[in-house]
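Visitor: If you count the sequence shown from 1, position 155 lands on 155 in full-length UniProt numbering, and the numbers rise without skipping.
Where is the CB? At the ideal position from N, CA and C, for every residue including glycine.
Keep in mind the model is a prediction, meaning the values are calculated, not measured.
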Amino acid sequence: MKKIIALLTGGTTGEWVISVKSAATIAHNLDPDKFEVYKIMLTQQGWFYEPVDSVKIEVDRNDFSLVYNGRKITFDGVFIAIHGAPGEDGKLQGYFDMLGLPYTTCDALTSAVTMNKGYTKAIVQDIPNLFIAKSAQIFKGTPYSLSDIKNGLNLPYFVKPNNGGSSIGMSKVKNQYDLQGAIDKAFKEDTQLLIEEFIEGREFTVGVVKLDGKIVVLPATEVETAKEFFDFEAKYTPGVATETTPAPLRPETRLRIEEIATAVYSKLNCRGVVRIDFILVGDEGDFYFIEINTIPGQTATSFIPQQVAAYGMKLNNFYTKLIKETIG
Numbered sequence: 001m002k003k004i005i006a007l008l009t010g011g012t013t014g015e016w017v018i019s020v021k022s023a024a025t026i027a028h029n030l031d032p033d034k035f036e037v038y039k040i041m042l043t044q045q046g047w048f049y050e051p052v053d054s055v056k057i058e059v060d061r062n063d064f065s066l067v068y069n070g071r072k073i074t075f076d077g078v079f080i081a082i083h084g085a086p087g088e089d090g091k092l093q094g095y096f097d098m099l100g101l102p103y104t105t106c107d108a109l110t111s112a113v114t115m116n117k118g119y120t121k122a123i124v125q126d127i128p129n130l131f132i133a134k135s136a137q138i139f140k141g142t143p144y145s146l147s148d149i150k151n152g153l154n155l156p157y158f159v160k161p162n163n164g165g166s167s168i169g170m171s172k173v174k175n176q177y178d179l180q181g182a183i184d185k186a187f188k189e190d191t192q193l194l195i196e197e198f199i200e201g202r203e204f205t206v207g208v209v210k211l212d213g214k215i216v217v218l219p220a221t222e223v224e225t226a227k228e229f230f231d232f233e234a235k236y237t238p239g240v241a242t243e244t245t246p247a248p249l250r251p252e253t254r255l256r257i258e259e260i261a262t263a264v265y266s267k268l269n270c271r272g273v274v275r276i277d278f279i280l281v282g283d284e285g286d287f288y289f290i291e292i293n294t295i296p297g298q299t300a301t302s303f304i305p306q307q308v309a310a311y312g313m314k315l316n317n318f319y320t321k322l323i324k325e326t327i328g
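(1) For residue 329, which beta-bridge partners are listed by DSSP?
(2) Which two residues bound the contiguous alpha helix (DSSP H) that contains Glu259?
(3) Among the candidates Tyr157, Lys172, Gly272 and Ile279, whose CA atom is the shortest distance from the CA of Gly201?
(4) Does Asp178 come out as helix, strand or coil in the three-state DSSP assignment?
(5) Starting from Pro161, trace the beta strand (DSSP E) in both directions and tell me its first and last residue.
(6) Would you grab the beta carbon distance between Gly11 and Gly70 for me? Rounded to a whole angstrom, and I think it's under 8 angstroms.
(7) Report the three-state DSSP secondary structure of Val124 (helix, strand or coil).
(8) One question on the structure: do Lys321 and Ile123 come within less than 8 angstroms of each other, judged by their Cβ atoms?
(9) Between the alpha carbons of Gln298 and Ala23, how many angstroms are there, rounded?
(10) Sort out for me which residues DSSP pairs Arg275 with in a bridge.
(11) Given Ala300, which residues of its chain have a CB within under 8 angstroms of its CB, disregarding the five upstream and five downstream residues?
(12) Are there any heavy atoms of the ligand SAH lying less than 7 angstroms away from the beta-carbon of Asn129, as far as the coordinates show?
(13) Report yes if the C-beta distance between Thr245 and Cys270 is below 8 angstroms; otherwise report no.
(14) Just verifying my parser: in three-state terms, what is the DSSP assignment at Glu243?
(15) Which runs of the beta strand (DSSP E), 3 residues or longer, sit entirely within the segment 54-91?
(16) Is Val52 near Ile5, with beta carbons less than 8 angstroms apart?
(17) Using a Cβ-Cβ cutoff of less than 6 angstroms, which residues in the same chain neighbour Gly90 once the five nearest sequence positions on both sides are dropped?
(18) In whole angstroms, what separates the C-alpha of Ile40 from that of Glu50?
(19) Tell me whether Met313 sits in a helix, a strand or coil according to DSSP, three-state version.
(20) What is the residue span of the beta strand (DSSP E) that Val217 lies within?
(21) Helix or strand or just coil, what does DSSP make of Met41?
(22) Short check: CB of Asn163 to CB of Asp184, under 8 angstroms?
(23) If I'm right that Phe287 touches Lys121 with Cβ under 8 angstroms, what's the distance once you round it to whole angstroms?
(24) Go ahead and pull the three-state DSSP assignment for Lys321.
(25) With DSSP run on the structure shown, which of helix, strand or coil describes Phe198?
(26) If you draw a straight line from the C-alpha of Glu203 to the C-alpha of Ala220, how long is it?
(27) Within this structure, are the beta carbons of Tyr311 and Leu249 separated by less than 8 angstroms?
(28) Among residues of its own chain, excluding the 5 on either side of Gln137, which ones have a beta-carbon nearer than 6 angstroms to its beta-carbon?
(29) Check whether the segment 171-187 touches the segment 150-158, taking contact to mean three or more Cβ pairs, one atom from each stretch, closer than 8 angstroms.
(30) Are the CB atoms of Ala133 and Lys160 within a distance shorter than 8 angstroms?
(31) Within the same chain, show all residues whose beta-carbon is closer than 6 angstroms to that of Phe131, passing over the 5 residues directly before and after it, in chain order.
(32) With a 10 Å radius around its C-beta and 16 neighbouring C-beta atoms as the bar for buried, classify Arg256 as buried or exposed.
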């Protein structure tokens, strides 16, 4: 019997564009002999299945079903491919938990917590061999002191929306007089901000997934960009960043990143596939935690497909195992 899978895409943030591309890669690589796939678009206007152009069948949100060709379709599980809200922040996970419907991502609590960079750092800070940049967290509508921030942190700073996924609203501040402008810009994206000391080093990102009951750390990717930091443009514009998979690392460093990534995955109680970003300082010295992404991009040029290929696995097989592990 084929499993009936809802592939959920779209979303309500600027990242919906990436979600649609991710869903296209996933749909293309889901084994048609094993899965009957219905791609469902979630927008602010509603949740729809579109079998052909200009035909929209609304999803019944009481039980997450739809009626197509006179047949009521219910699902065995949901492949969530929505970056940002409401796919990555725990809202959809909570909804599916209430319906008793399994899905491919981290649970509601882990999804919600990991969307908040400050809270995530507080949880992972005791992991052996993992370092955390010094930072300050501020909230919109709550007084904060610019002078306290400047006294507590060394320039340059990164100013980041606390709940963003694709670096939108992020700034690198080299001059203390530019801090207020960077804060104002980030507050347009979020009500909480993280102001963090800049860590100089090489940037890496590594996929972690549980397959066949055990945690697998995929080969890490090194990211080099001519831009100040790996922002939205560098992430999604071909040619702006150089990505090397597997990253050129000494065997003992590779082993260390695998141990750290496994510990982060376990401590945050992750499931499905996640991606963890690090900075490596000095001559393969300390690894600094940047953030974790619980619904990493799956576009043709995204890191996870690159890393799965470097691991020696076909995407078709990878998604089959991912669904088996998370949905059954």
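Guide: According to the data block:
(1) Missing from the structure shown is residue 329; the chain here goes from 1 to 328 and no further.
(2) Along the sequence shown, read from residue 1 onward, the residue named residue 259 stands at position 259. Run containing Glu259: Pro251 to Lys267, per the alpha helix (DSSP H) assignment.
(3) In the sequence shown, the residue the question calls residue 201 occupies position 201. Out of Tyr157, Lys172, Gly272 and Ile279, Ile279 has the C-alpha closest to the C-alpha of Gly201.
(4) As a first step, residue 178 must be located in the sequence shown, where it is residue number 178. Here Asp178 sits in helix by DSSP.
(5) Locating residue 161 in the sequence shown gives position 161, where the first residue counts as 1. Start and end: Tyr157 to Pro161.
(6) For the purposes of this step, residue 11 is taken as the residue at position 11 of the sequence shown. For the purposes of this step, residue 70 is taken as the residue at position 70 of the sequence shown. Rounded, the Cβ-Cβ distance is 30 angstroms, inconsistent with contact.
(7) The count along the sequence shown starts at 1 and reaches residue 124 at position 124. DSSP places Val124 in helix when its eight states are reduced to three.
(8) The residue you call residue 321 lines up with position 321 of the sequence shown. The residue you call residue 123 lines up with position 123 of the sequence shown. It is not a contact, given that the beta carbons lie outside the stated cut-off.
(9) Counted from its first residue, the sequence shown places residue 298 at position 298. Counted from its first residue, the sequence shown places residue 23 at position 23. C-alpha separation (whole angstroms): 7 angstroms.
(10) Taking the sequence shown and counting its residues from 1, one reaches residue 275 at position 275. In the DSSP output, where bridge partners are listed per residue, Arg275 has Gly207 and Asn293.
(11) As a first step, residue 300 is located in the sequence shown; it is residue number 300 there, counting from the start. If we look at Ala300 and ignore the five residues flanking it on each side, its Cβ neighbours are Lys21 and Thr25.
(12) The model on display carries no ligand, and the ligand SAH is accordingly not part of it.
(13) Start at 1 with the first residue of the sequence shown, and residue 245 comes out as number 245. Start at 1 with the first residue of the sequence shown, and residue 270 comes out as number 270. Contact flag unset, no.
(14) In the sequence shown, counting from the first residue as 1, residue 243 sits at position 243. Glu243 falls in the strand class under three-state DSSP.
(15) 66-68, 71-73 and 77-80
(16) Taking the sequence shown and counting its residues from 1, one reaches residue 52 at position 52. Taking the sequence shown and counting its residues from 1, one reaches residue 5 at position 5. No, the Cβ-Cβ distance between Val52 and Ile5 is not below 8 angstroms.
(17) Numbered from its first residue, the sequence shown carries residue 90 at position 90. Within the same chain, Gly90 has close Cβ partners Ala108, Ser111 and Ala112.
(18) Against the sequence shown, residue 40 aligns to sequence position 40. Against the sequence shown, residue 50 aligns to sequence position 50. In a straight line, the C-alpha of Ile40 is about 7 angstroms away from that of Glu50.
(19) Taking the first residue of the sequence shown as 1, we reach residue 313 at position 313. Correct three-state label for Met313: coil.
(20) Working through the sequence shown from its first residue, we reach residue 217 at position 217. Looking at the DSSP string, the run of the beta strand (DSSP E) that includes Val217 is Lys214 to Val217.
(21) For the purposes of this step, residue 41 is taken as the residue at position 41 of the sequence shown. DSSP places Met41 in the strand class (E or B) of the three-state scheme.
(22) Taking the sequence shown and counting its residues from 1, one reaches residue 163 at position 163. Taking the sequence shown and counting its residues from 1, one reaches residue 184 at position 184. Going by C-beta atoms, Asn163 is not nearer than 8 angstroms to Asp184.
(23) In the sequence shown, residue 287 corresponds to position 287, counting from 1. In the sequence shown, residue 121 corresponds to position 121, counting from 1. Not really, about 14 angstroms apart at Cβ, beyond 8 angstroms.
(24) Position 321 of the sequence shown, counted from the start, is the residue given in the question as residue 321. Helix at Lys321.
(25) For the purposes of this step, residue 198 is identified with residue 198 of the sequence shown, where counting begins at 1. It is coil, neither helix nor strand.
(26) As a working note, residue 203 is residue 203 in the sequence shown. As a working note, residue 220 is residue 220 in the sequence shown. Going by the C-alpha atoms only, they are around 10 angstroms apart.
(27) Within the sequence shown, the letter at position 311 stands for residue 311. Within the sequence shown, the letter at position 249 stands for residue 249. Cβ atoms of Tyr311 and Leu249: not closer than 8 angstroms.
(28) Sequence index remark: in the sequence shown, residue 137 carries index 137 (1-based). Answer for Gln137: Gly118 and Leu194, listed in chain order.
(29) yes
(30) Numbered from its first residue, the sequence shown carries residue 160 at position 160. Numbered from its first residue, the sequence shown carries residue 133 at position 133. Result no, Cβ atoms of Lys160 and Ala133 do not sit closer than 8 angstroms.
(31) Position 131 of the sequence shown, counting from 1, holds the residue named residue 131. These residues qualify, in order along the chain: Asp286 and Tyr288.
(32) In the sequence shown, the residue the question calls residue 256 occupies position 256. Arg256 counts as buried, since at least 16 other C-beta atoms from the protein chains shown sit within 10 angstroms of its C-beta.
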